[in-house]
Structure formats: C-alpha cells, structure tokens
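First the structure, in the form of structure tokens, and then the observations on it.
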Amino acid sequence: MIVIKTPSELDAMRRVNRITARIRDELAALVRPGITTLDLGNAAGELIRKAGGVSAFYGYHGFAGQICVSVNDEVVHGIPGPRVIQNGDIVSIDTGVCYEGFIGDTAITVAAGEISDENKRLLEVTKASLAAGVAKAVVGNRLGDISHAIQTVVEAAGFSIVREFVGHGIGRDLHEDPQIPNFGKPGRGPVLKAGMTLAIEPMVNIGGAKVEILEDKWTVVTKDGSCSAHFEHTVAVGLKPEILTLP
Ligand code: MG
C-alpha cells in the first residue's frame, strides 16, 4: 500500500530532507584523496547529531555505518572503513537521516581529485537519468513512466542499469511501497498521486548490469569490475515534482 502523506506530514518530509541534502553536500565537499571512507562516516555521524537527527541506516538490518560510502566498482551499501580514497576515484555517498519521525534519503557520486573522462561521463549520465525520472513524478503519470525515463537516458549513453536494487517509497519508514525499478515500460504500474513521497535512485554501471555482494554481506560491486555511480533524490509527487532533497 502506498502511503499518501498529509500536508503536515509533507512539511515534516520537507524538513528532514532539507537537512539530509545539506549533510550530503557537506560530506561531498570533504571527498579528496587521502581521507578514508570512515572519515566520511565519522563526519556524517557528527553532522547528523548536530542537526538533531539520527542516521536512518545505522543498525538497519545490522548495517554498521552512519552512511554508505561506495568507491569505484562498489555500487551501493559500502560500509565506511579504513579504505583510503585515491586520486581518480569516484565516491558514492548515500545519506539517510531520521528527524521528527520521518526519513530523508539522498545520494551523490563525486570525484576525488582528477577522474577519467569516462567516469566524468558516467556521473553526468547518471545525474541526467535521475533528473529524467524525477520529471515524471507528477500526478496522473504511472510509476513505469519514471522507470522508463531513467532507463532511456542510461541506455542511450551505452551504460547499464543495475536491476537488483531499486528506488522506493519513503516516509516514516526508510523503505515503503512502491518499489521503483530504474527500468521498465511507460504507462504501467500504479498511478501517481499527490502526497506520495518517492526516493528515486538510479545505479548505473559503465560495463555490464550484473552485480554481486562482497563477503561483508553489504557491499554491492559490479561483477565485471567496471565503475558505478549512484544519484538519489527524495521527491514529493505533485502537479510538478517537488524535489525535497535540495539544501
Ligand atoms: Mg534510497
């Protein structure tokens, strides 16, 4: 069942997502060669605490980080740790915050130092695919319109969409209905209604779409070792899409 948020619940979603977006951007600004992914995790813990929230990810099914940090061929769900970020790496930061009982969720992939032209294009295409999906989050469209818009941008660029992990409804819970695949047919699935809040999050690989999970039981990596990017916004469906994860 897809939860329709009341006006006051939407206001709470605006507040938590604005905070989450600010923290995302502050963390992105810290990314540079020489720091560890745990440095980012620790900074996130401090920023979330100062904002009066708690991490929406820490302890989720036993996840041991304040945020997810995924480098290069790591797609999503990287656990902050001793890995040192190198010049040329791309670093995905997924931030989830719980505040006033509601959850904000947003992700960005950024360059550490000077990255390859191919990785630059990966970041641009993934960001553009998110924008195309978000643009379809309007009243009267169907869920498949979002999925199809994302897939179209990614595949036109010659990249692959990860299929095993998808976007989701969000609100009081991190993962609510519906699931939002980043591929699919237009005109299919539930009709979008005002007050739905959706976390839209394409995960895009330079190489093949296949992924696997490392022995830590969390980190998702591309099977072929190619680089992967991840951008995510939490959006309220309306007559126009309202991106809640803007700072
Ligand atoms: Mg998410």
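Numbering-wise (my numbering), the sequence shown opens with residue 96 and increments by one.
All residues carry an ideal CB built from backbone N, CA and C; glycine is no exception.
Just so you know, these numbers come straight off a predicted model, no measurement behind them.
Beta-ladder partner(s) of residue i, from DSSP
i, result
"residue 300", "255 and 323"
"residue 263", "274 and 294"
"residue 199", "192"
"residue 129", "In DSSP, residue 129 forms no bridge with anything."
"residue 150", "192"
"residue 328", "295"
"residue 333", "233"
"residue 317", "306"
"residue 186", "166 and 205"
"residue 338", "330"
"residue 286", "237"
"residue 171", "315"
"residue 179", "131"
Residue j beta carbon less than 8 Å from that of residue i
i, j, result
"residue 229", "residue 330", "yes"
"residue 255", "residue 303", "yes"
"residue 137", "residue 322", "no"
"residue 157", "residue 164", "no"
"residue 335", "residue 261", "no"
"residue 272", "residue 96", "yes"
"residue 240", "residue 207", "no"
"residue 342", "residue 116", "yes"
"residue 209", "residue 301", "no"
"residue 340", "residue 325", "no"
"residue 246", "residue 279", "yes"
"residue 148", "residue 188", "no"
"residue 269", "residue 338", "no"
Cβ distance (whole Å) where residue i is taken to contact residue j below 8 Å
i, j, result
"residue 180", "residue 186", "6 Å"
"residue 191", "residue 151", "3 Å"
"residue 161", "residue 155", "Not a contact, Cβ separation roughly 11 Å."
"residue 175", "residue 237", "With 8 Å as the limit, residue 175 and residue 237 do not qualify as a contact, their Cβ atoms being about 37 Å apart."
"residue 118", "residue 159", "That pair is no contact at about 19 Å."
"residue 316", "residue 259", "12 Å between Cβ atoms; not a contact."
Own chain residues within Cβ distance below 8 Å of residue i, not counting five before or after
i, result
"residue 249", "220, 221, 224, 255, 256, 277, 297 and 299"
"residue 127", "180, 207 and 208"
Residues near residue i in its chain [Cβ-Cβ closer than 7 Å; skip 5 each side]
i, result
"residue 177", "131 and 133"
"residue 85", "The chain is shown only over 96 to 342; residue 85 falls outside these bounds and no answer can be derived."
Residues near residue i in its chain [Cβ-Cβ closer than 6 Å; skip 5 each side]
i, result
"residue 244", "227, 228 and 231"
"residue 319", "302 and 303"
Segment contact flag, the stretch 115-124 with the stretch 188-207, C-beta cutoff 8 Å, min 3 pairs: yes
Between the stretch 264-275 and the stretch 284-298, are three or more C-beta pairs nearer than 8 Å? yes
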